[in-house]
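Asks: So for the sequence shown, the UniProt record's numbering puts the first residue at 1; every next one is plus one. Sharing a structure with you now.
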Amino acid sequence: MSNNKYSAITLPVPSTYHYQTSDPALQRFGSEHDLDVFGIAVDRCSIMKQMVFIRKSFCITMAQFITMGALATLLVRIDPIYHWLQKSKYAWWMPLIPTFFVAFILAWQLWMRYFQLSHCGRTSLLSIFSLLIAAIVSDIVSKLCYVDGILVIFMTIFGQCGVLVYTFQSQFKFSGTKPMYVLFWIFYFYKILVSAVMICISSPWLRRVYDMDPISILIPISLSLLLCGYLIMEMYYIMGIVTMDDYILANISAYIDLFYPMRCLHNLCELTDHVDTLPEIMHPGPD
1 MSNNKYSAIT LPVPSTYHYQ TSDPALQRFG SEHDLDVFGI AVDRCSIMKQ MVFIRKSFCI
61 TMAQFITMGA LATLLVRIDP IYHWLQKSKY AWWMPLIPTF FVAFILAWQL WMRYFQLSHC
121 GRTSLLSIFS LLIAAIVSDI VSKLCYVDGI LVIFMTIFGQ CGVLVYTFQS QFKFSGTKPM
181 YVLFWIFYFY KILVSAVMIC ISSPWLRRVY DMDPISILIP ISLSLLLCGY LIMEMYYIMG
241 IVTMDDYILA NISAYIDLFY PMRCLHNLCE LTDHVDTLPE IMHPGPD
């Protein structure tokens, strides 16, 4: 038998073939991450990037609450406007239609990923929405419950400042109860609601300015704690479905879920599916 020598044929490889890339931003994780083509979700980014996203979102929310408080105070201080609001039954209805219209356009951006407005367009719509929602809230507060309402707004602003302080560290993720502890310390509130009595005792400035006794101030304290806790829980959820560039949409989502309780309940159920979101509660360690 003769020894035949065979030469291997080298086939050309088209340049259009897909090769595994080493870039972690383009890495695929499986079918549960089908939206990676639009960007990586915030909760899968580095801790530093997560804190930047949260800081931007809470700065927007805090600016909105500052606008609400300033406008409510202004409406009460100007006598002609205040008396007109007291007599008018439908004053706060006027901005409702444009507010819902702008909110609808911005909410559409939450799910419409193939076509989105420019950053300038979203910023302009957010500014209009913030002014309209501030007009509605300030009108209701100044007309129905000025003292309690303005206290809730101010205390919520202080609570958001505590969350912003938490975002300047990069050791712990924005999950679990650690951000809530920072929030509760701002109000001298830690773990148990009974400690809220200490707020009334240690807040002579607020009680003196608004002429409130320690018992009556408990209602604004409880409402502000509930509102700040809602904002933190909403941030837990929204970080899993938006990218780093969607901090404006994260702010709008908080209002949508607040006005639509079924979505808020849905988000809470989604969070309980991922027990690592609140490990101190879902998996408590030994005392």
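We treat Cβ as the ideally placed atom computed from N, Cα and C, and that holds for glycine.
Could you tell me the alpha carbon to alpha carbon distance between residue 64 and residue 230, rounded to whole angstroms?
Replies: As a working mapping, residue 64 is identified with position 64 in the sequence shown. As a working mapping, residue 230 is identified with position 230 in the sequence shown. So the alpha carbons of these two residues sit roughly 16 Å apart.
Asks: Looking at the structure shown, is residue 49 part of a helix, part of a strand, or coil, going by DSSP?
Replies: As a working note, residue 49 is residue 49 in the sequence shown. Helix, per DSSP.
Asks: Does DSSP put residue 288 in a helix, a strand or coil?
Replies: Limits of the chain in this structure are 1 at one end and 287 at the other, which puts residue 288 out of reach.
Asks: One question on the structure: do residue 95 and residue 125 come within less than 8 Å of each other, judged by their Cβ atoms?
Replies: As a first step, residue 95 is located in the sequence shown; it is residue number 95 there, counting from the start. As a first step, residue 125 is located in the sequence shown; it is residue number 125 there, counting from the start. Result no, Cβ atoms of residue 95 and residue 125 do not sit closer than 8 Å.
Asks: Using alpha carbons as the reference points, say which of 241, 47, 41 lies closest to residue 169.
Replies: Residue 169 sits at position 169 when you count from the first residue of the sequence shown. It is 47.
Asks: What first and last residue would you give for the alpha helix (DSSP H) that runs through residue 219?
Replies: As a working note, residue 219 is residue 219 in the sequence shown. Residues 218-238.
Asks: What are the start and end residues of the alpha helix (DSSP H) that includes residue 86?
Replies: Numbered from 1 along the sequence shown, position 86 holds the residue referred to as residue 86. That run of the alpha helix (DSSP H) goes 79-87.
Asks: Under a three-way DSSP split, which group does residue 90 fall into?
Replies: Mapped onto the sequence shown, residue 90 falls at position 90. DSSP, read as helix, strand or coil, puts residue 90 in coil.
Asks: Are the CB atoms of residue 220 and residue 137 nearer to each other than 8 Å?
Replies: Here the question's residue 220 lines up with position 220 in the sequence shown. Here the question's residue 137 lines up with position 137 in the sequence shown. Going by C-beta atoms, residue 220 is not nearer than 8 Å to residue 137.
Asks: I need the straight-line Cα distance from residue 256 to residue 105, nearest angstrom please.
Replies: Locating residue 256 in the sequence shown gives position 256, counting from the first residue. Locating residue 105 in the sequence shown gives position 105, counting from the first residue. Distance between the alpha carbons of residue 256 and residue 105: 12 Å.
Asks: For residue 168, report the span of its alpha helix (DSSP H) as first-last.
Replies: In the sequence shown, residue 168 corresponds to position 168, counting from 1. Note, residue 168: premise wrong, no alpha helix (DSSP H); not H, not E.
Asks: Which class does residue 41 belong to by DSSP, given the choice of helix, strand or coil?
Replies: In the sequence shown, residue 41 corresponds to position 41, counting from 1. In the three-state reduction of the DSSP assignment, residue 41 falls in the coil class.
Asks: So residue 79 and residue 239 are in contact, right, with Cβ under 8 Å, and what is the actual spacing, rounded?
Replies: Residue mapping note: residue 79 aligns to position 79 of the sequence shown, counting from 1. Residue mapping note: residue 239 aligns to position 239 of the sequence shown, counting from 1. Not really, about 45 Å apart at Cβ, beyond 8 Å.
Asks: Go to residue 137, then tell me how far its alpha helix (DSSP H) extends in each direction, as first and last residue.
Replies: Within the sequence shown, the letter at position 137 stands for residue 137. Per DSSP, residue 137 belongs to the alpha helix (DSSP H) from 119-144.
Asks: Are residue 99 and residue 251 touching if we call contact CB-CB under 8 Å?
Replies: By one-based count along the sequence shown, residue 99 stands at place 99. By one-based count along the sequence shown, residue 251 stands at place 251. Result no, Cβ atoms of residue 99 and residue 251 do not sit closer than 8 Å.
Asks: What did DSSP end up calling residue 243 once you bin it into helix, strand or coil?
Replies: Numbered from its first residue, the sequence shown carries residue 243 at position 243. It is coil, neither helix nor strand.
Asks: Using CA coordinates, which residue listed in 40, 102, 72, 142 is at the minimum distance from residue 87?
Replies: Mapped onto the sequence shown, residue 87 falls at position 87. Minimum Cα distance to residue 87 is reached at 142.
Asks: Give a yes or no on whether the C-beta atoms belonging to residue 149 and residue 72 are separated by under 8 Å.
Replies: Translated into positions along the sequence shown, residue 149 becomes position 149. Translated into positions along the sequence shown, residue 72 becomes position 72. Going by C-beta atoms, residue 149 is nearer than 8 Å to residue 72.
Asks: Going by beta carbon distance, what residues of the same chain come within less than 8 Å of residue 164, once the five residues before and after it are set aside?
Replies: For the purposes of this step, residue 164 is identified with residue 164 of the sequence shown, where counting begins at 1. So the list reads 55, 58, 59, 62, once near-sequence residues are dropped.
Asks: Can you tell me whether DSSP reads residue 157 as helix, strand or coil?
Replies: In the sequence shown, the residue the question calls residue 157 occupies position 157. Here residue 157 sits in helix by DSSP.
Asks: For residue 161 and residue 103, I'd like the C-alpha separation in whole angstroms.
Replies: Position 161 of the sequence shown, counted from the first residue, corresponds to residue 161. Position 103 of the sequence shown, counted from the first residue, corresponds to residue 103. Roughly 25 Å separates the two Cα atoms.
Asks: So is residue 123 buried or exposed if we call it buried at 16+ other beta carbons inside 10 Å?
Replies: The residue given as residue 123 occupies position 123 in the sequence shown. Its Cβ having fewer than 16 others within 10 Å, residue 123 is exposed.
Asks: Starting from the Cα of residue 41, find the closest Cα among 258, 265, 245, 253 and give me that residue.
Replies: Position 41 of the sequence shown, counting from 1, holds the residue named residue 41. When each option's Cα is compared against that of residue 41, the closest is 245.
Asks: Could you pull out every residue in the same chain whose Cβ sits closer than 7 Å to the Cβ of residue 241, ignoring the five residues on either side in sequence?
Replies: Locating residue 241 in the sequence shown gives position 241, counting from the first residue. Only 41 meet the Cβ criterion.
Asks: Run the CB neighbour count on residue 171, radius 10 Å, all protein chains shown included, and call it buried at 16 or more, exposed below.
Replies: If you number the sequence shown from 1, residue 171 lands on position 171. It counts as exposed.
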